[in-house]
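Undergrad: Line by line, the protein sequences are chains R and F. All residue numbers for the first sequence refer to the numbering used here, where the first residue is 1 and numbers rise by one. All residue numbers for the second sequence refer to the numbering used here, where the first residue is 1 and numbers rise by one. First, the structure itself, so that you have it in front of you.
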Amino acid sequence: SQQGEEDPQALSIQEGENATMNCSYKTSINNLQWYRQNSGRGLVHLILIRSNEREKHSGRLRVTLDTSKKSSSLLITASRAADTASYFCATDAGNNNDMRFGAGTRLTVKP
Amino acid sequence: DAGVIQSPRHEVTEMGQEVTLRCKPISGHDYLFWYRQTMMRGLELLIYFNNNVPIDDSGMPEDRFSAKMPNASFSTLKIQPSEPRDSAVYFCASTPGASGSDSTDTQYFGPGTRLTVL
Numbered sequence: 001s002q003q004g005e006e007d008p009q010a011l012s013i014q015e016g017e018n019a020t021m022n023c024s025y026k027t028s029i030n031n032l033q034w035y036r037q038n039s040g041r042g043l044v045h046l047i048l049i050r051s052n053e054r055e056k057h058s059g060r061l062r063v064t065l066d067t068s069k070k071s072s073s074l075l076i077t078a079s080r081a082a083d084t085a086s087y088f089c090a091t092d093a094g095n096n097n098d099m100r101f102g103a104g105t106r107l108t109v110k111p
Numbered sequence: 001d002a003g004v005i006q007s008p009r010h011e012v013t014e015m016g017q018e019v020t021l022r023c024k025p026i027s028g029h030d031y032l033f034w035y036r037q038t039m040m041r042g043l044e045l046l047i048y049f050n051n052n053v054p055i056d057d058s059g060m061p062e063d064r065f066s067a068k069m070p071n072a073s074f075s076t077l078k079i080q081p082s083e084p085r086d087s088a089v090y091f092c093a094s095t096p097g098a099s100g101s102d103s104t105d106t107q108y109f110g111p112g113t114r115l116t117v118l
């Protein structure tokens, strides 16, 4: 069963703009991960944030985690057309190696 | 490392036929996961193994689905008999396991097998 839910389902922006995607989950977690999936390809891990962390950066990516609200956000700054993909959050169901994925946000970056 | 390898990449079959999907995890990874992805249901975990032993198969939709992992470098997902509603992309993923670093929780996905059951 799905644990995380992404919001919005779809997002369309212009190149250079920032993109923010949100994820909400239901139960306590040890960590939360964000993945990207290009059309017709497998998922690629982007970033992991642990439950005791509030913010994490990786290049143009910024992830926040609010365990009190059971939510996370992924910010992509200065977006590029190549960022066009679906983005998924995944949370562990109490087991670090059993991850449950949300439905994803479809991001389109227009050149 | 070549990453997680899945075969075939595409499979088209007729209803009632047996389908076998194959996966080779990254060498040294202790965990192997099978997922199914559809537009309607998103990405669903079907089953996962730890050191070749099935740990949780609660996501397997019904008895027509079975998965095996005879050794650390190979796993199969079998559907018998197949039905049109089984059409989906099936992903295999592996993860190193509990070694105490961030990367142990990262799942490495294969390219997927796109299954079409007519």
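The beta carbon of each residue, even a glycine, is placed where N, CA and C say it ideally should be.
1. Whole angstroms are fine: how far does the CA of R/T84 sit from the CA of F/S51?
2. Out of R/S68, R/H57 and R/R50, point me to the one whose CA is closest to R/L32's CA.
3. Strictly under 8 Å for the Cβ-Cβ distance: is F/T106 near chain R by that measure?
4. Can you list, in chain order, the residues of its chain with a C-beta nearer than 6 Å to that of F/H10? Leave out the 5 residues immediately preceding and following it.
5. Thinking just about the alpha-carbon of each residue, which of F/Q80, F/V89, F/F65 and F/M15 is nearest to the one in F/M39?
6. Do F/F65 and F/L46 have their CB atoms nearer than 8 Å?
7. How is the beta strand (DSSP E) around F/R64 delimited, first residue to last?
8. CA-CA distance, F/G57 and R/L75?
9. Starting from the C-beta of R/H57, find all residues in its chain whose C-beta is less than 7 Å away, skip the five residues before and the five after it, and write them out in chain order.
10. Return no unless some Cβ of chain F is closer than 8 Å to the Cβ of R/A10.
11. CB R/A103 to CB F/G42, shorter than 8 Å?
12. Output yes if chain F places a C-beta closer than 8 Å to the C-beta of R/A103; else output no.
13. Please report the distance separating the alpha-carbon of F/S82 from that of F/Q37.
14. Just grab the DSSP bridge partners of R/S73 for me.
15. Leaving out five residues on either side along the sequence, give the residues of the same chain with a beta carbon under 6 Å from the beta carbon of R/A10.
16. Kindly indicate which three-state DSSP category F/P8 falls into: helix, strand or coil?
17. Shortest alpha-carbon distance to F/G110 belongs to which of R/T64, R/E6, R/F101 and R/H45?
TA: On the basis of the supplied data:
1. It is Asn, not Ser, that sits at residue 51 of chain F in the sequence shown. Spanning the two alpha carbons is a distance of roughly 36 Å.
2. Comparing alpha-carbon positions, the option among R/S68, R/H57 and R/R50 lying closest to R/L32 turns out to be R/R50.
3. yes
4. R114
5. Comparing Cα-Cα distances from F/M39 to each of F/Q80, F/V89, F/F65 and F/M15, the minimum goes to F/V89.
6. Between F/F65 and F/L46, the C-beta gap is smaller than 8 Å, which places the two residues in contact.
7. Looking at the DSSP string, F/R64 is not in any beta strand (DSSP E), and its letter there is neither H nor E.
8. It should be noted that the sequence gives Asp, not Gly, for residue 57 of chain F. Straight-line measurement puts the Cα of R/L75 at about 34 Å from the Cα of F/D57.
9. none
10. no
11. Their beta carbons are under 8 Å apart, which means R/A103 touches F/G42 by this criterion.
12. For R/A103, the answer is yes, since a Cβ of chain F falls inside 8 Å of its Cβ.
13. 16 Å
14. For R/S73, DSSP records a beta bridge to R/N22 and R/T64.
15. R106
16. Secondary structure at F/P8: coil, using DSSP grouped into helix, strand and coil.
17. R/H45
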